[in-house]
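Visitor: Residue numbers (the numbering used here): 439 to 812. For glycine and all other residues, C-beta sits at the position ideal for the given N, C-alpha and C.
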Ligand SMILES: Cc1ncc(COP(=O)(O)O)c(C=O)c1O
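1) Sort 760, 792 and 693 by Cα distance to residue 521 and report the nearest one.
2) Use the C-beta contact count for residue 457: other C-beta atoms within 10 angstroms, 16 or more gives buried, fewer gives exposed.
3) Three-state secondary structure (DSSP) at residue 478?
4) Name the two residues that bound the continuous beta strand (DSSP E) containing residue 599.
5) Put residue 569 into one of helix, strand or coil per three-state DSSP.
6) Where DSSP assigns a beta bridge to residue 654, which residues make up the other side?
7) Residue 496: beta carbon under 7 Å from a heavy atom of ligand 1?
8) Using CA atoms only, rank isn't needed, just tell me which of 724, 735, 692 and 463 is closest to residue 600.
9) For the beta strand (DSSP E) that contains residue 779, what are its first and last residues?
10) Taking only the alpha-carbon atoms, compute the straight-line gap between residue 803 and residue 670 and give it to the nearest angstrom.
11) Measuring only from the beta carbon, is residue 499 closer than 7 Å to any heavy atom that is part of ligand 3?
12) Taking residue 681 as part of the alpha helix (DSSP H), name the residues at either end of that continuous run.
13) Is residue 786 closer than 8 Å to residue 732 when the C-beta atoms are compared?
14) With contact counted as at least three CB pairs below 8 Å, one residue from each stretch, are the region 560 to 571 and the region 499 to 509 in contact?
15) Could you give the DSSP three-state label for residue 506: helix, strand or coil?
16) Between the region 444 to 463 and the region 675 to 695, are three or more C-beta pairs nearer than 8 Å?
17) Looking at ligand 1, does it come within less than 7 Å of residue 519, judged from the CB to the closest heavy atom?
18) Starting from the Cα of residue 623, find the closest Cα among 789, 575, 751 and 764 and give me that residue.
19) Where does residue 491 fall in DSSP's three states?
20) With a 10 Å radius around its C-beta and 16 neighbouring C-beta atoms as the bar for buried, classify residue 501 as buried or exposed.
21) Return the chain-ordered list of same chain residues with a C-beta closer than 6 Å to the C-beta of residue 726, the five sequence neighbours on each side being excluded.
22) By DSSP's criteria, residue 746 is part of a beta bridge. Which residues make up the other side?
23) Do residue 488 and residue 514 have their CB atoms nearer than 8 Å?
24) Can you tell which of 712, 767, 768 and 720 has its C-alpha closest to the C-alpha of residue 788?
25) Should residue 623 be counted as a contact of ligand 1 given a C-beta to heavy atom distance under 7 Å?
26) What residue from 579, 480, 677 and 792 has the CA that sits closest to residue 692's CA?
27) DSSP beta-bridge partners for residue 536?
28) Would you list the one or two residues that DSSP bridges to residue 758?
29) Is residue 605 near ligand 1 - that is, is its Cβ less than 7 Å away from at least one heavy atom of it?
30) Can you tell me whether residue 632 is buried or exposed, with buried defined as 16 or more other CB within 10 angstroms of its CB?
31) When we look at the beta-carbon of residue 736 and count the other beta-carbons within 10 Å, is it buried (16 or more) or exposed?
32) Thinking C-alpha only, which one of 746, 636, 730 and 555 is nearest residue 492?
33) Taking the beta strand (DSSP E) that residue 773 falls in, what are its first and last residues?
34) Please go through the same chain and pick out, in chain order, the residues whose beta-carbon is closer than 7 Å to the beta-carbon of residue 741, but skip the five residues on each side of it.
35) Taking residue 710 as the reference, give the member of 810, 660, 639 and 795 with the closest Cα.
36) Is the beta carbon of residue 503 closer than 8 Å to that of residue 597?
Below you can see the structure in the form of structure tokens.
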């Protein structure tokens, strides 16, 4: 059997181990320590965020954002439908109700016009949502400005889920820093990883101080253990923050490698009938965290799953595009606004192996398997 090619495995640089070793050497092994502060500061420098809190996952960061915005029982939260479930679950943790919005085809992200129309209609009806969660999918920013504008018009906080888009740009800025809160993930499959981890950013340093408090069991300042509100165990450990510091140093290289993967796939496969690559919107640069494409079975009789299975036979991992949230059994009762763009992307979309350590021969194995099928 040929070696397994994974979808998006971790890729360490030269410095991660030295930072982790430093944590061991200095015995900063508890979930506090100097790497955490340094990781937060360095993350702010790279993204342009004002303040950041390093936490145990992107999901935890989202949960904290909703908690800080006081989202609670019965509140509506507008949310991208085409995403990983981690975006929407924290809405349920807070007892609120997601309202899912379809994608637009130029970026595959939340359709800004649908958000504008929905908020205008809801403003007239007097039932504005309590927040909007906007996802930046597969390394590409959503069209943030029109969504931010309508959110500001009605004073609705915007949370940017940039879990998949660290290193991307929107009109020259990093995703995650334009809304009230931004979140990122350092899960093992992300462009940089701490094996598991996340970051919450905001322009409001007080909100980030409160996030750190909530993330450490909301312990009141007292010599004994006293708690006046419900908190969580959500802080990132000092060891993993060390890994994150090393990974931040290679972020630019990782973006360049992923974009090169995309170019390789595009030049090898774009001539095939029925294959269309995820477009790159003109307002920014995608990291191409994952190279995604759609397969139109009408064009050749070959569908997405045939490609996926042909790759699996060669010991190559690929994955269907996210199944939209409005089609998930757990969200059956939730409101959905839009048409069938996200459903079509799910039905026909495929993510190819995109790790930043892929070699030319790995990439050739992937494209060869697809070309042979055709
Ligand atoms: C869009 C999106 N949001 C949120 C998350 C959650 O991040 P984590 O796995 O770090 O909790 C992920 C990835 O896992 C994601 O892809």
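Guide: Reading off the structure:
1) 760
2) buried
3) helix
4) 596 to 599
5) strand
6) 671
7) yes
8) 724
9) Here residue 779 belongs to no beta strand (DSSP E); instead the alpha helix (DSSP H) covers 779 to 786.
10) 45 Å
11) Because ligand 3 does not appear in the structure shown, any question about it cannot be addressed here, the ligands present being ligand 1.
12) 676 to 687
13) yes
14) yes
15) helix
16) yes
17) no
18) 575
19) strand
20) buried
21) 577, 696, 697 and 700
22) Looking at the DSSP assignment, residue 746 forms no beta bridge with any residue, so it has no partner.
23) no
24) 712
25) yes
26) 792
27) 515
28) 788
29) no
30) buried
31) exposed
32) 636
33) 773 to 775
34) 733 and 735
35) 810
36) yes
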